[in-house]
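Undergrad: Here's a structure for you.
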Amino acid sequence: MIHSGYGGVVPEMASREHQKNIWIVTEQAIQNSGINKKDLDAIAFTKGPGLPGSLMVGASFAKGLAMALDKPLIAVNHMEAHILSLLIKEPMPAFPFLCLVVSGGHTMLVLVKQWNEMTVIGSTKDDAVGEAFDKCAKIMGLGYPGGKIIDDLAKTGNEKAFPFPVAKVEKYRFSYSGVKTSFLYFLQSKTPEFIQENQSDICASLQFALLKPLVDACEIAMEEYGIKELGLAGGVAANSSLRKRLQALCDQKGGRVYFPDFEYCTDNAAMIGRAACFKWEQKDFCGLDETTEPRLAIGS
Ligand code: KG4
Ligand code: ZN
């Protein structure tokens, strides 16, 4: 992983890598699917949110391809696509459902009334949960991206070993700056040997503090909106403990929880394609003058 040595994605490097690899990846995907380029119905790209340079590479490539093949162009919202990744394969949630969207850049609770009617009912005041996983892993010296590393180490740990502060959910507002700071102070107060010996317990306790507010918010929202269908999406949806907790919550509430397959959790083209299919059915195409929007919100 090209960014791992830097402890995070380096935007300039990301766009250069996109530029270098986008045609190879596209060519391979088309070859693997066995579809002839000429038979494609449309070309879709991510309008935003995301890193400006990477978005521009994708949009420009899609425009070139659409022009060359004379196909319609479809602009897709990255976060809406994460939610619609739940509709790639059965079993799928029925509308309306609640969706917890958790990634490196976002932590949101979304009321999904229709594929094109979504309202954000909860969000974070500061860091996204994936970012908090990654930053805490970085200060522990665990590598990047840290979410999966913490998840794996936590599997054999005791989540009650170290009580890190759990931020209270105030009307679906999340906050991760407190737990991150307290985690840093905790590590600074311990010897490297202690940290090494207690790695699993530390990871399990940290993971508990990061996930509890999310699970609490889902519980409150299921009650407030009277909805029993709950979806999980975004990179952090791969987290095994979050899956278990939400499953337990839905079992207890007589609800049903839906997880995307692992390959559809972190950023992927299939979810952009799924969102584009909905738009294609409505002939919701865009022009060659369509722009990218690094801060595009859900429902805009
Ligand atoms: O959605 P995504 O691929 O990219 C965007 O941020 O849009 O999400 C990446 C995030 C990273 O922060 C990564 O650490 C986190 O998802 N992640 C996980 C796990 N797998 C990936 N976090 C916790 N547990 C995991 N198993
Ligand atoms: Zn994403």
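Add 94 to the 1-based position in the sequence shown for our numbering, that's all there is to it.
Each residue gets a CB set at the ideal place from its N, CA and C atoms; glycine is no exception.
These numbers come from a predicted model, not from an experiment.
So, is Ile244 buried or exposed, given that buried needs 16 or more other C-beta atoms within 10 angstroms?
TA: Answer is buried; the Cβ neighbour count reaches 16.
Undergrad: At a cut-off of 6 angstroms, is Phe189 close to the ligand KG4 when judged by its beta-carbon and the heavy atoms of the ligand?
TA: Checking every heavy atom of the ligand KG4 against the Cβ of Phe189, none is found closer than 6 angstroms.
Undergrad: Going by C-alpha to C-alpha distance, which of Leu308, Glu384, Gly241, His176 sits closest to Lys262?
TA: Among Leu308, Glu384, Gly241, His176, the Cα nearest to that of Lys262 belongs to Leu308.
Undergrad: If you measure from the CB of Phe256, is any heavy atom of the ligand KG4 nearer than 6 angstroms?
TA: Checking every heavy atom of the ligand KG4 against the Cβ of Phe256, none is found closer than 6 angstroms.
Undergrad: Cutting at 8 angstroms between CB atoms, please list the residues of its own chain near Ser334, excluding the five before and the five after it.
TA: Asp245, Lys249.
Undergrad: How would you label Thr385, buried or exposed, when you count the other beta carbons within 10 angstroms and need 16 or more for buried?
TA: That one is exposed.
Undergrad: So, at 6 angstroms on beta carbons, what are the nonlocal neighbours of Ile137 in its own chain, with the 5 sequence-adjacent residues on each side left out?
TA: Answer for Ile137: Ala156, Leu159, Ala160, Lys165, Leu167, listed in chain order.
Undergrad: Measuring straight from C-alpha to C-alpha, what distance separates Gln376 and Ala369?
TA: Those two C-alpha atoms are separated by around 12 angstroms.
Undergrad: For the beta strand (DSSP E) that contains Ala138, what are its first and last residues?
TA: Start and end: 137-142.
Undergrad: With DSSP run on the structure shown, which of helix, strand or coil describes Ala188?
TA: Ala188 falls in the coil class under three-state DSSP.
Undergrad: Between Ser179 and the ligand ZN, is the CB less than 6 angstroms from at least one heavy atom?
TA: Result no, Cβ not under 6 angstroms from the ligand ZN.
Undergrad: Count the C-beta pairs between the segment 310-321 and the segment 180-189 that are closer than 8 angstroms, then say yes if the count reaches three, no if not.
TA: No, because fewer than three Cβ pairs between the segment 310-321 and the segment 180-189 fall closer than 8 angstroms, the two stretches do not touch.
Undergrad: The beta strand (DSSP E) spanning Val214 covers which residue range?
TA: Per DSSP, Val214 belongs to the beta strand (DSSP E) from 211-218.
Undergrad: Relative to the C-alpha of Leu305, which residue among Pro354, Ser276, Lys338 is closest?
TA: The residue with the shortest Cα to Cα distance from Leu305 is Lys338.
Undergrad: Return yes when at least one heavy atom of the ligand KG4 lies under 6 angstroms from the C-beta of Ala158, else no.
TA: Checking the sequence, you will find Gly at residue 158 rather than Ala. Outside the cutoff, so no.
Undergrad: Leaving out five residues before and five after His112 in sequence, what residues of the same chain have Cβ atoms less than 8 angstroms from its Cβ?
TA: Gly147, Ser148, Val151, Gly152.
Undergrad: Considering Cα atoms alone, identify which of Phe372, Gly367, Ile314 is closest to Leu203.
TA: For the residues Phe372, Gly367, Ile314, the minimum Cα distance to Leu203 belongs to Ile314.
Undergrad: If you measure from each residue's Cβ to the nearest non-hydrogen atom of the ligand KG4, which ones come out under 5 angstroms, in chain order?
TA: My final list is Ser197, Gly198, Gly199, Gly224, Phe227, Asp228, Pro239, Gly241, Lys242, Asp245, Gly328, Gly329, Val330, Ala332, Asn333, Thr360, Asp361.
Undergrad: Going by Cα to Cα distance, which pick from Met234, Ser299, Leu145 is closest to Gln290?
TA: Per the Cα distances, Met234.
Undergrad: Going residue by residue through the segment 138-177, where are the continuous beta strand (DSSP E) segments of at least 3 residues, counting only ones entirely within it?
TA: If we require 3 residues or more, the beta strand (DSSP E) runs fully inside the segment 138-177 come out as 167-171.
Undergrad: When DSSP labels each residue in this structure, what does Gly240 get in the three-state scheme?
TA: Of the three classes helix, strand and coil, the one that applies to Gly240 here is helix, per DSSP.
Undergrad: If the criterion is Cβ atoms closer than 7 angstroms, does the pair Ala226 and Tyr270 meet it?
TA: Taking 7 angstroms as the Cβ cut-off, Ala226 and Tyr270 qualify as a contacting pair.
Undergrad: Indicate whether the contact test is met: 3 or more Cβ pairs, each with one atom in the segment 207-219 and one in the segment 268-284, closer than 8 angstroms.
TA: These segments touch.
Undergrad: Could you tell me if Leu382 is buried or exposed, where buried requires 16 or more neighbouring beta carbons within 10 angstroms of its beta carbon?
TA: Flag for Leu382 reads exposed.
Undergrad: Using a 10 Å radius around the Cβ and a threshold of 16 neighbouring Cβ atoms, would you call Asn126 buried or exposed?
TA: Exposed, by the Cβ-count rule.
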